[in-house]
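First up is the structure itself, then whatever we jot down about it.
In the numbering used here, the protein residues as written are 4 to 252.
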């Protein structure tokens, strides 16, 4: 597939799934806008994108910060003049407990990164996506379908809300030819678990899969490119699960 002359925004692009998605789009000829907090990592990803002959714009931004969030779409349009695909990938994982009194704080923190920015960016991007008949891919999680443990309840409920938003947005914008879909990875080998306090090897975290393995960021990137491309032109309002069989347990 080719994304030549297409402009793609990827949030959370400094590492993990977001970085893999950005590099994959660049290899297919897209111009990519890399949004993230770690400027050093963003420069590394940008170099990978440019090695494919792509143009990469770095936007150092924390999507939970309103001022940072507000600049993403305008700066993209100022640089490239259009937007074809928005990939809402930025996210955090936090443990929560009603008994420990940490649930509300975890909920608010996750909301500020995993849901509110997606709604805001999608709304801001809408006129540009209508103009290009573009599409949005939201990175959700199998946790939206199944609470893997009670510690993930706040994360799970907000991912479920994201899936509902994706379907509602697809219903509203479909008349303009704009597609909205989501991807729900299972456990993937990224730093999100370490950042949430899991300082053990992946295999010791205790999330089983039918294929007895965790996903790689590139697995999710391949699926995102398919959904964003013309071969999926009839697909909207869908949620694609890529979990190595995690939900079979």
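Backbone N, C-alpha and C fix where the C-beta goes; we use that ideal spot for every residue, glycine too.
Straight-line Cα distance separating residue j from residue i
{"i": "residue 131", "j": "residue 209", "result": "43 Å"}
{"i": "residue 47", "j": "residue 23", "result": "12 Å"}
{"i": "residue 184", "j": "residue 57", "result": "25 Å"}
{"i": "residue 170", "j": "residue 121", "result": "13 Å"}
{"i": "residue 14", "j": "residue 91", "result": "6 Å"}
{"i": "residue 3", "j": "residue 25", "result": "Absent from the model: residue 3. The displayed extent of the chain is 4 to 252, so no value can be given."}
{"i": "residue 101", "j": "residue 27", "result": "40 Å"}
{"i": "residue 61", "j": "residue 226", "result": "24 Å"}
{"i": "residue 134", "j": "residue 35", "result": "18 Å"}
{"i": "residue 71", "j": "residue 123", "result": "12 Å"}
{"i": "residue 188", "j": "residue 242", "result": "10 Å"}
{"i": "residue 148", "j": "residue 99", "result": "18 Å"}
{"i": "residue 116", "j": "residue 68", "result": "9 Å"}
{"i": "residue 109", "j": "residue 162", "result": "14 Å"}
{"i": "residue 164", "j": "residue 66", "result": "18 Å"}
Local Cβ density within 10 Å of residue i, reported as buried at 16 or more and exposed below that
{"i": "residue 77", "result": "exposed"}
{"i": "residue 129", "result": "buried"}
{"i": "residue 87", "result": "buried"}
{"i": "residue 233", "result": "exposed"}
{"i": "residue 29", "result": "buried"}
{"i": "residue 178", "result": "exposed"}
{"i": "residue 236", "result": "exposed"}
{"i": "residue 252", "result": "exposed"}
{"i": "residue 213", "result": "exposed"}
Beta-carbon contacts of residue i that lie in its chain and below 6 Å, excluding the five residues immediately before and after
{"i": "residue 230", "result": "140, 184"}
{"i": "residue 5", "result": "31, 32"}
{"i": "residue 17", "result": "39, 41, 44, 45"}
{"i": "residue 142", "result": "92, 186"}
{"i": "residue 136", "result": "180"}
{"i": "residue 240", "result": "170, 173"}
In DSSP terms, what residue i is bridged to
{"i": "residue 250", "result": "Residue 250 pairs with nothing; no bridge assigned."}
{"i": "residue 148", "result": "The partner list for residue 148 (beta bridge, DSSP) is empty, contrary to what the question assumes."}
{"i": "residue 123", "result": "None; residue 123 has no bridge partner."}
{"i": "residue 184", "result": "140"}
{"i": "residue 243", "result": "186"}
{"i": "residue 91", "result": "141"}
{"i": "residue 61", "result": "37"}
{"i": "residue 191", "result": "218"}
Under the three-state DSSP convention, the category residue i falls into
{"i": "residue 108", "result": "helix"}
{"i": "residue 138", "result": "strand"}
{"i": "residue 21", "result": "helix"}
{"i": "residue 12", "result": "strand"}
{"i": "residue 5", "result": "coil"}
{"i": "residue 238", "result": "coil"}
{"i": "residue 43", "result": "helix"}
{"i": "residue 170", "result": "helix"}
{"i": "residue 212", "result": "coil"}
{"i": "residue 31", "result": "coil"}
{"i": "residue 69", "result": "helix"}
{"i": "residue 52", "result": "helix"}
{"i": "residue 157", "result": "helix"}
{"i": "residue 102", "result": "coil"}
{"i": "residue 176", "result": "helix"}
{"i": "residue 114", "result": "helix"}
Own chain partners of residue i with C-beta closer than 8 Å, once the 5 adjacent residues on each side are dropped
{"i": "residue 191", "result": "19, 20, 217, 218, 219, 220, 222, 223"}
{"i": "residue 74", "result": "62, 64"}
Chain-order list of residues whose beta-carbon lies under 7 Å from that of residue i (same chain, five-residue window excluded)
{"i": "residue 215", "result": "none"}
{"i": "residue 83", "result": "10, 34"}
{"i": "residue 49", "result": "37, 59, 61"}
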